[in-house]
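In full-length UniProt numbering, the protein residues as written are 1 to 229.
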């Protein structure tokens, strides 16, 4: 493979690592392997607490990043009903609790229908959305109030894969377009169900035709690389 000229590869990003951190590690190994600095970019950020498909483009293939970002994506997620956090995931502690025992599987299935197709979604304030050049999450961490405008997104499909009536956990599979925040979807689902909700797990299982089972294991990237140079 010619990483200087340009290649498109995909890694399975590990838990609690930023997309940039994963990219930087792979770029270092690539540069060491070929003996010169390799240009690398990624096609779509994953939150540190999310795992799964992270598409990396090297060399001239970085010009394809915008096109790759427009591809449909698939996620699997676990949501906890009855509470919220500031970031809508496990990055922050629970800040409020809500009743959830009234929620049934039938209610969830009915509500999910309202979140398919073209909808408007307000991104999480703890996100990389820019406000006058600054990242929203940086402003929040500095104690500033952040208000974001709704964005048009498209959700092709939401499937309820499980619901535990004993502990209020539900699992979903989501097929969606560019700009969709699954954390924000959890927030909105919780509200629509007359409760609260936040993510306890998120995995990106597909970007376009690239599925997670085709990805390079991050911890074995150097071993994979030895066979490609």
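Backbone N, C-alpha and C fix where the C-beta goes; we use that ideal spot for every residue, glycine too.
Select from the options the residue whose C-alpha is nearest the C-alpha of residue i.
| i | options | result |
| --- | --- | --- |
| residue 214 | 92, 59, 1, 11 | 11 |
| residue 143 | 152, 51, 125 | 125 |
| residue 34 | 59, 140, 53, 115 | 59 |
| residue 149 | 193, 127, 166 | 127 |
| residue 187 | 94, 23, 21 | 94 |
| residue 132 | 147, 122, 121 | 147 |
| residue 106 | 165, 78, 83 | 165 |
| residue 113 | 61, 154, 13, 53 | 154 |
| residue 86 | 64, 198, 225 | 198 |
| residue 102 | 224, 225, 193 | 193 |
| residue 216 | 52, 37, 17, 38 | 52 |
| residue 104 | 18, 170, 159 | 170 |
| residue 46 | 19, 57, 70 | 19 |
| residue 38 | 141, 1, 145, 71 | 1 |
| residue 28 | 181, 227, 222, 208 | 222 |
| residue 177 | 136, 71, 26 | 71 |
In the structure shown, what three-state DSSP assignment does residue i receive?
| i | result |
| --- | --- |
| residue 213 | helix |
| residue 135 | strand |
| residue 122 | coil |
| residue 193 | coil |
| residue 28 | helix |
| residue 226 | helix |
| residue 219 | helix |
| residue 2 | coil |
| residue 187 | helix |
Our contact map puts residue i next to residue j with C-beta atoms below 8 angstroms; I'd like the distance itself, whole angstroms only.
| i | j | result |
| --- | --- | --- |
| residue 203 | residue 73 | About 11 angstroms separates the two Cβ atoms, so there is no contact after all. |
| residue 80 | residue 161 | Going by Cβ atoms, the distance from residue 80 to residue 161 rounds to 15 angstroms, so no, they are not a contact pair. |
| residue 89 | residue 191 | Rounded, the Cβ-Cβ distance is 16 angstroms, inconsistent with contact. |
| residue 108 | residue 163 | 6 angstroms |
| residue 49 | residue 91 | 6 angstroms |
| residue 61 | residue 6 | 4 angstroms |
| residue 189 | residue 111 | 7 angstroms |
| residue 57 | residue 8 | 5 angstroms |
Between the beta-carbon of residue i and the beta-carbon of residue j, is there less than 8 angstroms?
| i | j | result |
| --- | --- | --- |
| residue 168 | residue 96 | no |
| residue 15 | residue 174 | no |
| residue 43 | residue 23 | no |
| residue 210 | residue 40 | no |
| residue 83 | residue 172 | no |
| residue 179 | residue 151 | yes |
| residue 218 | residue 63 | no |
| residue 115 | residue 65 | no |
>> What ranges does the beta strand (DSSP E) occupy inside the UniProt domain "Pseudouridine synthase II N-terminal" (37-182), keeping only unbroken runs of at least 3 residues that lie completely in it?
In response: 40-42, 50-58, 73-81, 83-85, 94-97, 117-121, 151-164, 169-176
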